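Participant:
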Amino acid sequence: MTSTPNQKIYLTLLLLALALWACVRVDLSAPPVSAVIVPTPAPPAATVTPWPTPTPIVIQMVAGPIIEPACLLPDVGSGQSITASGSYTETERSASTPMVCHITRDSCAYNQLVGILDPSIVFKEEEEAPYNTEDILMHPAMLGPLTRLNELVKAEWGGEYQLRVTDAYDSLLEHDPPESNPSTRYSLHYDGRAIDVTTWPVNWNLYGRLCALAHCAGFDYVENEVTHCHASINASSLCTQCGQ
Ligand SMILES: [Zn+2]
812 MTSTPNQKIY
822 LTLLLLALAL
832 WACVRVDLSA
842 PPVSAVIVPT
852 PAPPAATVTP
862 WPTPTPIVIQ
872 MVAGPIIEPA
882 CLLPDVGSGQ
892 SITASGSYTE
902 TERSASTPMV
912 CHITRDSCAY
922 NQLVGILDPS
932 IVFKEEEEAP
942 YNTEDILMHP
952 AMLGPLTRLN
962 ELVKAEWGGE
972 YQLRVTDAYD
982 SLLEHDPPES
992 NPSTRYSLHY
1002 DGRAIDVTTW
1012 PVNWNLYGRL
1022 CALAHCAGFD
1032 YVENEVTHCH
1042 ASINASSLCT
1052 QCGQ
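Going by my numbering, the letters in the sequence shown line up with residues 812 to 1055, in that order.
1) Tell me whether Pro885 is buried or exposed, calling it buried when 16 or more other Cβ atoms sit within 10 Å of its Cβ.
2) Spatial neighbours of Thr908 within its chain, please: C-beta separation below 7 Å, excluding the five flanking residues on both sides.
3) Short of 6 Å in beta carbon distance, which residues of its chain neighbour His986, apart from the five on each side in sequence? Order them along the chain.
4) Taking 7 Å as the cut-off, is the C-beta of Asp978 nearer than that to any heavy atom in ligand 1?
5) Checking the sheet assignment: what are the DSSP bridge partners for Gln973?
6) Any idea if Asn1061 is buried or exposed, counting beta-carbon neighbours within 10 angstroms, 16 or more meaning buried?
7) Any chance the CB of Asp1007 is under 7 Å from a heavy atom of ligand 1?
8) Does the contact criterion of 3 or more C-beta pairs under 8 Å hold for the stretch 1001-1010 versus the stretch 933-950?
9) Under three-state DSSP, which class holds Asn1035?
10) Within its chain, find whatever has a CB closer than 8 Å to the CB of Glu971; leave out the 5 residues flanking it on each side and keep chain order.
11) Is His950 near ligand 1, in the sense that its beta carbon is under 7 Å from a heavy atom of that ligand?
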């Protein structure tokens, strides 16, 4: 069988077309080397954020250059205490220094107490007026640790639980048994350097963690008293400052 001239032309054109098509395919599948060297897109900014990342924990704002990403202290067990040095055996008298006096209402020392009215903190204020406001009164040096603790509570439980203060300064000397002699009663609440906190709503199961957060917030002595977390500070007593 022989091909006619027309058939040869068609065959030639077909082969030419196939060859051109093959060239195009080669060109597409193997681009010039220069086309391969395309700058790699920069990674998203989020992947190059330096560590540690900023957190809402207030420790960063008030503790200077030391940045603590989280409170890594284990839960404080029921009845257990911990001091600023990390000791589980040091006493409150050693860590926060002893009570100096009972601050009486309307005294010089009483007038040095400060009140905190942060709406994100729940204050129990269960005492009869005018003593109900004593839950918001405390030594000025308490404000830093308390503010940090509130921020840690927010970061820990994200609004599910709030920080509640059940007692701070106490002129009624209610931190000793009622049958005890008032003149010998002893508690740092009486000179405004101690505070009792819980979660709100109440959840006793969380107080081991709450006490750990109080330690991380800067309280010098923290004790898990099961029904609440007691915390105090080492600061010059207002009684001393007033010469009492
Ligand atoms: Zn207490």
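Even glycine gets a Cβ: it sits at the ideal position worked out from N, Cα and C. Predicted model only: the values in this text are computed from it and were never measured.
Facilitator: Looking at the atomic coordinates:
1) Reading the sequence shown from its first residue, position 74 is the one you call residue 885. Burial call: exposed.
2) As a first step, residue 908 is located in the sequence shown; it is residue number 97 there, counting from the start. Cβ within range, chain order: Asn1045.
3) Within the sequence shown, the letter at position 175 stands for residue 986. Taken in chain order, the residues that qualify are Ser998, His1000.
4) Here residue 978 is taken as the residue at index 167 of the sequence shown, counted from 1. Under cutoff, so the answer is yes.
5) Your numbering for residue 973 matches position 162 in the sequence shown. Paired residue(s): Trp1011.
6) Residue 1061 lies beyond the stretch modelled for the chain, which goes from 812 to 1055, so this question has no answer here.
7) Stepping through the sequence shown from its first residue, residue 1007 is reached at position 196. Indeed, a heavy atom of ligand 1 lies less than 7 Å from the Cβ.
8) yes
9) Numbered from its first residue, the sequence shown carries residue 1035 at position 224. Strand.
10) Position 160 of the sequence shown holds residue 971. None.
11) Position 139 of the sequence shown holds residue 950. Checking every heavy atom of ligand 1 against the Cβ of His950, none is found closer than 7 Å.
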